[in-house]
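Step one of this worksheet: look at the structure below.
What follows is the structure, given as structure tokens:
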């Protein structure tokens, strides 16, 4: 079954944003609306006067000659909190056993008496695989809103970033995290390494979702593919996957994508930075779901998928393409589509109080609660 929905009721009033968030919004939307060139020059700030920038993508990332990395567009990190006054949510940071340990932030709704069971969403943040964090204000604020409105437990994964940890590291981290979450489904199992009581006491393991935005949506797709190949602990099933403005690409332009030589194509450059040894390059199955050697989309290991796109997003046509590919793959699940015609990439993160963002959250709420 396919559900197709386009929203054209945009909210256009000007909003005020924290300076860092505004800077980040302009930066990330420039990545998905225009070309940003790499640079090689000398940094002139006192802290880095002796260091040469050998690779730079706008204000997203700077890699220096000594191997150090800066992320100027990174939004500020914030601590978790108990009993948030606006939402009633509690959040805390937890460690997922792995080698090395994977950090994450978990969000739990205010518990009533008797205690309730809630769907579980394992979330993967965006940021082109090179920046952002599960602990950033941008994602902390967004997931507080989503968890409280959709009545879900959210486990937001702090996967390792490229270029320090090239792909496929992030996929391995996120799969390991999902396996650990799933291991809590056996409530009598005393062998869970670093068991999390919030999951054991309040998680509904018949309603496990995965999701993410941008690069995080790419990760969600790849995790769903993995779940179709390899079983999760105790045969936990992924009920649904949420892909918001997914990050896909290939060597062949589609739709409105410009025809650009690979050496001048920003997406090719970023992909080479994050996955320098990728078999088949930009057509690697991780970023091109129909690339050579890609598993059939028919084997996606979830029962439902929603693909969300934004009309002004450079990745919009790829999201539509992915939705069409899944629809025509023979996958036996429920596929949904949502488009916000007049907005740009991850608009809901930067304008959470806008009408468009509220409509998107409500759409995702309906998807989870269905």
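Residue numbers (the UniProt record's numbering): 1 to 370.
We put the CB at the ideal spot given by N, CA and C, even for glycine.
- Per the coordinates, the alpha-carbon of residue 351 lies some 31 Å from the alpha-carbon of residue 166.
- Note that the C-beta distance between residue 329 and residue 296 is below 9 Å.
- According to the DSSP assignment, residue 367 belongs to no beta strand (DSSP E) but to the alpha helix (DSSP H) extending over 355 to 369.
- Relative to residue 80, the option among 154, 237, 61 whose CA is nearest is 154.
- Residue 107: member of the beta strand (DSSP E) spanning 102 to 108, first to last residue.
- A distance of 9 Å or more separates the beta carbons of residue 349 and residue 211.
- Within its own chain, the residues whose Cβ lies closer than 6 Å to the Cβ of residue 148, once the five positions on either side in sequence are excluded, are 87, 89, listed in chain order.
- Contact between residue 219 and residue 170 is confirmed by a C-beta separation of about 6 Å, below the 8 Å threshold.
- If you check the CB distance, residue 335 and residue 327 come in under 9 Å.
- Rounded to the nearest angstrom, the gap between the Cα atoms of residue 298 and residue 290 is 12 Å.
- DSSP places residue 141 within a helical segment (H, G or I) once states are collapsed to three.
- Contact between residue 322 and residue 246 holds: CB atoms are separated by about 6 Å, below the 8 Å threshold.
- Cβ-Cβ separation between residue 273 and residue 163: approximately 6 Å, consistent with a contact (criterion under 8 Å).
- Excluding its 5 nearest sequence neighbours in each direction, residue 317 has C-beta neighbours in its own chain below 7 Å: 254, 255, 256, 257, listed in chain order.
- Distance from the CA atom of residue 266 to the CA atom of residue 344, rounded to whole angstroms, is 18 Å.
- Assignment of residue 238 by DSSP, reduced to helix, strand and coil, places it in the strand class.
- Of the candidates 276, 283, 181, the residue whose Cα lies closest to the Cα of residue 168 is 276.
- For residue 317, the uninterrupted alpha helix (DSSP H) segment begins and ends at 316 to 327.
- Annotation: residue 315 to residue 262 spans about 17 Å, alpha carbon to alpha carbon.
- Residue 214 is classed as buried because its beta carbon has at least 16 other beta carbons within 10 Å across all chains shown.
- Cβ contact annotation for residue 193 (same chain, cutoff 6 Å, sequence separation greater than five): 97, in chain order.
- Ranked by Cα distance from residue 94, the first of 137, 370, 198 is 198.
- Considering only 249, 300, 293, the residue with the shortest C-alpha distance to residue 231 is 300.
- Nearest in C-alpha terms to residue 248, of all of 284, 367, 216, 288, is 288.
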